[in-house]
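*Asks:* From first to last, the protein sequence lines stand for chains Y and U. By the numbering used here, the letter at position 197 of the first sequence is numbered 197, and the numbering carries on one by one without gaps. Each number in the numbering used here comes from the position in the second sequence (counting from 1) with 269 added on. Cβ atoms here follow ideal geometry from the backbone N, Cα and C, with glycine treated the same way.
Number of protein chains: 2
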Amino acid sequence: MIFYLSGRLVDTNGAPGDAAIDLTDRGLTLGDGVFETMAVRGAQVTHLAAHLARLHRGLDVLGFEAPVDDGEIGHALEHVVQANAITEGVLRLTLTRGPAPRGLAGPEKPSPSLIITGATQDLDLGRPVAAIIATCTRRNEHSPLSRIKSLNYLDNILAVREARQQGADEALLLNGAGNLVSASAANLFAVIDGELVTPPASDGVLEGVMRAEVLRVLGGTERTLTPGDLARASEVFLTNSLSIRPLTKVDGVEIGTGPITEQAQKLVC
Amino acid sequence: MIFYLSGRLVDTNGAPGDAAIDLTDRGLTLGDGVFETMAVRGAQVTHLAAHLARLHRGLDVLGFEAPVDDGEIGHALEHVVQANAITEGVLRLTLTRGPAPRGLAGPEKPSPSLIITGATQDLDLGRPVAAIIATCTRRNEHSPLSRIKSLNYLDNILAVREARQQGADEALLLNGAGNLVSASAANLFAVIDGELVTPPASDGVLEGVMRAEVLRVLGGTERTLTPGDLARASEVFLTNSLSIRPLTKVDGVEIGTGPITEQAQKLVC
Numbered sequence: 001m002i003f004y005l006s007g008r009l010v011d012t013n014g015a016p017g018d019a020a021i022d023l024t025d026r027g028l029t030l031g032d033g034v035f036e037t038m039a040v041r042g043a044q045v046t047h048l049a050a051h052l053a054r055l056h057r058g059l060d061v062l063g064f065e066a067p068v069d070d071g072e073i074g075h076a077l078e079h080v081v082q083a084n085a086i087t088e089g090v091l092r093l094t095l096t097r098g099p100a101p102r103g104l105a106g107p108e109k110p111s112p113s114l115i116i117t118g119a120t121q122d123l124d125l126g127r128p129v130a131a132i133i134a135t136c137t138r139r140n141e142h143s144p145l146s147r148i149k150s151l152n153y154l155d156n157i158l159a160v161r162e163a164r165q166q167g168a169d170e171a172l173l174l175n176g177a178g179n180l181v182s183a184s185a186a187n188l189f190a191v192i193d194g195e196l197v198t199p200p201a202s203d204g205v206l207e208g209v210m211r212a213e214v215l216r217v218l219g220g221t222e223r224t225l226t227p228g229d230l231a232r233a234s235e236v237f238l239t240n241s242l243s244i245r246p247l248t249k250v251d252g253v254e255i256g257t258g259p260i261t262e263q264a265q266k267l268v269c
Numbered sequence: 270m271i272f273y274l275s276g277r278l279v280d281t282n283g284a285p286g287d288a289a290i291d292l293t294d295r296g297l298t299l300g301d302g303v304f305e306t307m308a309v310r311g312a313q314v315t316h317l318a319a320h321l322a323r324l325h326r327g328l329d330v331l332g333f334e335a336p337v338d339d340g341e342i343g344h345a346l347e348h349v350v351q352a353n354a355i356t357e358g359v360l361r362l363t364l365t366r367g368p369a370p371r372g373l374a375g376p377e378k379p380s381p382s383l384i385i386t387g388a389t390q391d392l393d394l395g396r397p398v399a400a401i402i403a404t405c406t407r408r409n410e411h412s413p414l415s416r417i418k419s420l421n422y423l424d425n426i427l428a429v430r431e432a433r434q435q436g437a438d439e440a441l442l443l444n445g446a447g448n449l450v451s452a453s454a455a456n457l458f459a460v461i462d463g464e465l466v467t468p469p470a471s472d473g474v475l476e477g478v479m480r481a482e483v484l485r486v487l488g489g490t491e492r493t494l495t496p497g498d499l500a501r502a503s504e505v506f507l508t509n510s511l512s513i514r515p516l517t518k519v520d521g522v523e524i525g526t527g528p529i530t531e532q533a534q535k536l537v538c
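Okay, structure coming up:
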């Protein structure tokens with residue numbers, strides 16, 4: 001694979017050290033950074049402006065800036081797409097506060113690391129999902145981290161691992177108040193009494209790029225959802241930048257699918 | 270610096286790639302790992318058994334194992350102490366789930382990365398601390414991550430950065446219920462009505478090795494503390510593996526210090 005690392009394209013088949021990051025990078029030592037996952041379709045990065053806007057919202061929370069401007073980031077993404085000849089696939093952009101000596105607060109003038117990796121991948125990911133509601137952990141609606149795409153992904157990892165142990169594909173996460181937030185790697189939509197609804201950011205939701213696109217095109221209401229609301233839903237679906245998938249089972253209980261899910265799925269074709 | 274990386278000692282003055290970690294390492298991409306920070310005194314690693322026990326409790330939560338046994342980890346730590354001629358200083362052991370392809374759940378058979386870094390550092394860190402109570406974020410007592418030393422350290426980073434912006438040294442964090450948990454990098458003790466108290470793990474506390482040592486030697490009670498309790502405290506102090514420091518100011522209000530803090534401080538001499 002050919003990837004982009006802080007200013008240059010690097011081939012992992014080159015010298016081993018080229019494909020590596022400093023051991024003191026705060027992305028590694030403290031999870032101090034943000035990332036974006038973007039779909040590539042027709043050799044084009046999709047929803048680039050929305051991804052960059054969210055990246056900057058995350059950086060505002062963490063208090064550091066990207067080492068290059070959005071134009072350069074866009075070029076770097078294109079370079080990785082071209083260098084790896086990706087027609088359909090996935091890009092990941094990671095931005096950390098960079099290498100630093102010991103200390104939690106971080107350096108006053110950081111040297112952020114920008115890493116872009118990409119690979120060809122089949123994005124026909126509309127298949128139905130069976131989920132559990134995670135019991136091992138909850139999202140923290142009291143932290144701004146619940147609303148940015150930071151490198152602190154362990155709660156989501158614990159949740160999806162619980163799901164897999166129970167033979168499910170995905171996990172839905174509750175927040176501290178016991179309300180539904182999202183899946184481990186996707187936003188949650190439900191159709192209840194004919195109305196399309198999704199939990200609001202204030203409940204601890206990472207506002208996905210595809211979530212915004214669904215709300216923009218199909219409309220819908222942001223309001224708190226409880227686990228009990230799922231039993232009343234005529235359709236439930238999960239959205240992320242790569243896919244829109246019907247959620248057809250939660251904790252073993254079947255949920256129907258229907259026309260609004262189908263309409264939403266057209267957004268990723 | 271000479272450090273230990275997954276089975277070998279490496280000198281950062283060697284080939285650049287030697288001092289680096291794979292870009293696909295889940296420690297970097299998802300914060301998927303744990304760490305320990307240990308004091309070195311008299312060229313010896315302090316409280317090694319307690320640190321290793323906590324490391325394993327963290328690994329149990331994350332669901333992977335160290336690539337080598339405790340004996341080998343101990344030898345590797347000693348090697349780093351000797352190779353860097355550390356008499357007084359700090360070691361950091363980082364253990365990640367290792368390199369992996371895309372996907373949150375992680376590989377069934379991971380290849381964890383073990384990284385040990387160390388440096389000489391003056392550990393005479395008993396100086397008084399001024400803190401704020403962080404308003405930007407809270408700890409998540411509903412997540413097992415609040416009780417292990419994972420690489421997901423961003424809430425603590427946000428809190429200490431808020432403190433520094435306000436001219437304070439440290440931040441105390443509340444949990445979702447609004448109770449006191451700890452400082453950004455230390456446990457919290459208070460002497461109230463003559464009784465030594467510290468918040469219980471169930472409030473979202475990382476159970477520090479020095480916290481356990483203080484409870485073992487000085488006694489004390491684990492119970493929920495509210496911000497209002499600090500106003501009634503005759504002494505407040507912060508403990509971590511490197512230091513025990515009196516907390517003499519919170520949100521601008523002075524707190525006294527006294528004999529129990531002094532007794533505790535003898536534990537790190």
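Within 10 angstroms of its Cβ, does U/Glu-344 collect 16 or more other Cβ (buried), or is it exposed?
*Replies:* Per the sequence presented here, residue 344 of chain U reads as His, with Glu not at that position. That one is exposed.
*Asks:* Given that a residue counts as buried once 16 or more other Cβ atoms are within 10 Å of its Cβ, and exposed if not, what is U/Lys-418?
*Replies:* Under this definition U/Lys-418 is a buried residue.
*Asks:* Could you have a look at Y/Ile-148 and say whether DSSP puts it in helix, strand or coil?
*Replies:* Correct three-state label for Y/Ile-148: coil.
*Asks:* Between U/Ala-318 and U/Thr-365, what straight-line distance do the alpha-carbon atoms span, to the nearest angstrom?
*Replies:* Roughly 20 Å separates the two Cα atoms.
*Asks:* Got a sec: is the Cβ-Cβ distance from U/Ile-271 to anything in chain Y below 9 Å?
*Replies:* Closer than 9 Å: no.
*Asks:* Going by DSSP, what residue range makes up the beta strand (DSSP E) through Y/Gly-33?
*Replies:* Taken as a continuous stretch (DSSP letters only), the beta strand (DSSP E) holding Y/Gly-33 covers 33-41.
*Asks:* Hey, quick one: how far does the beta strand (DSSP E) through Y/Gly-89 stretch, first residue to last?
*Replies:* Its beta strand (DSSP E) spans residues 89-96.
*Asks:* For Y/Gly-220, count the other beta carbons within 10 Å of its own beta carbon; 16 or more makes it buried, fewer makes it exposed. Which is it?
*Replies:* Y/Gly-220 should be labelled buried.
*Asks:* Which bits of chain Y does U/Leu-392 rub up against, with CB to CB less than 8 Å?
*Replies:* Those within 8 Å of U/Leu-392 in chain Y number zero; the least Cβ separation is about 12 Å.
*Asks:* Using a Cβ-Cβ cut-off of 7 Å (strictly less than) and excluding sequence neighbours within five positions of Y/Gly-98, which residues of its own chain qualify?
*Replies:* Contacts found: Asp-25, Arg-26, Pro-110, Ser-111, Pro-112, Ser-113.
*Asks:* Which residues, in chain order, does the region 435-458 of chain U contribute to contact with chain Y at a C-beta distance below 7 Å?
*Replies:* So the close ones are Gly-445, Ser-453, Ala-454.
*Asks:* Identify the contact partners of Y/Leu-48 in chain U, using a Cβ-Cβ distance below 8 Å as the criterion.
*Replies:* Here the premise fails: no neighbours, minimum Cβ distance about 20 Å.
*Asks:* Strictly under 9 Å for the Cβ-Cβ distance: is Y/Val-129 near chain U by that measure?
*Replies:* False, the Cβ-Cβ gap to chain U never drops below 9 Å.
*Asks:* Could you tell me which residues DSSP pairs with U/Ile-228 in its beta bridges?
*Replies:* Nothing about residue 228 of chain U can be read from this structure; chain U reaches only from 270 to 538.
*Asks:* Tell me, please, which residues DSSP counts as bridged to Y/Ala-171.
*Replies:* Bridge partners of Y/Ala-171: Y/Ile-132.
*Asks:* Can at least three beta-carbon pairs, one atom from the region 163-179 of chain Y and one from the region 315-329 of chain U, be found at a separation below 8 Å?
*Replies:* Cβ pair count under 8 Å is below three, so no.
*Asks:* Between the beta-carbon of Y/Arg-211 and the beta-carbon of Y/Asn-187, is there less than 9 Å?
*Replies:* Yes, the pair counts as a contact, with Cβ atoms nearer than the cut-off.
*Asks:* Could one say the Cβ of U/His-411 lies closer than 9 Å to chain Y's Cβ atoms, at least one of them?
*Replies:* Answer yes: the Cβ-Cβ gap between U/His-411 and chain Y drops below 9 Å somewhere.
*Asks:* Jot down the residue ranges of each uninterrupted beta strand (DSSP E) in the region 433-480 of chain U, minimum 3 residues, whole runs only, in chain order.
*Replies:* Runs found: 439-443, 449-452, 456-461, 464-467.
*Asks:* Between which two residues does the beta strand (DSSP E) harbouring Y/Arg-223 extend?
*Replies:* Premise fails: Y/Arg-223 is in no beta strand (DSSP E) and is neither H nor E.
*Asks:* Which of helix, strand or coil does DSSP assign to U/Ile-524?
*Replies:* Three-state DSSP puts U/Ile-524 in coil, outside helix and strand.
*Asks:* Just to confirm my understanding: we take U/Ala-428, look at its own chain, exclude 5 residues before and 5 after, and list those with CB closer than 7 Å. What are they?
*Replies:* Cβ within range, chain order: Ala-403, Cys-405, Thr-406, Ala-440, Leu-442, Ser-453.
*Asks:* What does DSSP give as the partner residues of U/Ala-502 in its beta bridges?
*Replies:* BP columns for U/Ala-502 point to U/Ile-461.
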